[in-house]
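Enquirer:
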Amino acid sequence: MMLILAVLVVVIVLALVSGSKKDGGRKRAAKAQRTTSDDVNRPWPFYPSYAMTQNEQEVYWKLVQALPDYIVLAQVQASRVLKVKRGENNQAWLNRISRMSYDYLICNKSAYPLLVIELDDPTHERATRQDADRRKEMALAGAGIKIVRWRKQNVPSAEQILALVRQQQAMFQERMTRKQKAT
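Note that full-length UniProt numbering has the sequence shown beginning at 1, numbered continuously upward.
1) Under the rule that 16 or more other beta-carbon atoms within 10 Å means buried, what is PRO113, buried or exposed?
2) Out of GLN168, THR177 and ARG80, which has the shortest C-alpha to C-alpha gap to ALA139?
3) Does the distance from the CB of LEU105 to the CB of LEU73 come in under 8 Å?
4) Spatial neighbours of ASN90 within its chain, please: CB distance less than 6 Å, with the 5 preceding and 5 following residues excluded, ordered by chain position.
5) Please list the terminal residues of the continuous beta strand (DSSP E) segment that includes ALA74.
6) Since GLN75 contacts SER101 with CB under 8 Å, what's their CB separation in whole angstroms?
7) Figure out for me which residue from GLU88, GLN168, GLN65 and ALA51 has the closest Cα to the Cα of ILE145.
8) Can you tell me whether DSSP reads PRO45 as helix, strand or coil?
9) Does the contact criterion of 3 or more C-beta pairs under 8 Å hold for the segment 121-137 versus the segment 154-174?
10) According to DSSP, simplified to helix, strand and coil, what is SER157?
11) Determine the closest residue to CYS107 out of SER98, PRO122 and PHE172, with distance taken between C-alpha atoms.
12) I believe residue 260 touches LEU119 by the beta-carbon criterion, under 8 Å. Please report the beta-carbon distance rounded to the nearest angstrom.
13) Of the choices PRO48, ASN41, ARG149 and ALA78, whose alpha-carbon is the least far from that of GLU56?
14) For the beta strand (DSSP E) containing TYR50, name the first residue and the last one.
15) Closest to ILE97 by CA distance: which of THR123, MET52, ARG134 and SER49 is it?
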């Protein structure tokens, strides 16, 4: 008799605990729904910020002047210009580059990426930044896109920049020619 009473008490307690968890889950879901709905009915806490630092702006305008026949883009997300090859785990590889961006992306007039330029400051000497830089390099190498790294005080002349980009354009055209001959 005592055993039956003990089992009955345990069952009742478990039922109460289980029910309260379900209600709590429903309450949390309802609160989350209200919060989401409320979010669109009140101002969000954002304010505008400069898209580039002063140093990045100076280099950007130098690139624009040096490369009038090319598209110069700043602060480009890697996932906008890198796609995963067939047969690979698309989501897993995209996750590796999801928060990566390039300081400058130089494209031909068809918006095809030719060159990535990174403007390195002293923070790139940190181990964590070096790891992130290595990942950028690996992603670009896999896609066959060259990356160059400059320090602000060592930015090449306009003529050197143009020569570098023309070299990348020639390599791109050579790859396209080989591809056409192969098909």
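Virtual Cβ for every residue (Gly too), placed ideally from N, Cα, C.
Expert: The structure says:
1) Burial call: buried.
2) ARG80
3) yes
4) Same-chain partners within the cutoff: VAL84.
5) 71-77
6) Contact between GLN75 and SER101 holds, with the beta-carbon distance rounding to 6 Å and staying under 8 Å.
7) GLN168
8) Note: PRO45 maps to coil in three-state DSSP.
9) Flag = no, the segment 121-137 and the segment 154-174 do not touch.
10) coil
11) PHE172
12) No answer is possible for residue 260: it lies beyond the span of the chain, which begins at 1 and ends at 183.
13) ARG149
14) It is not in any beta strand (DSSP E) - TYR50 carries neither H nor E in the DSSP assignment.
15) When each option's Cα is compared against that of ILE97, the closest is ARG134.
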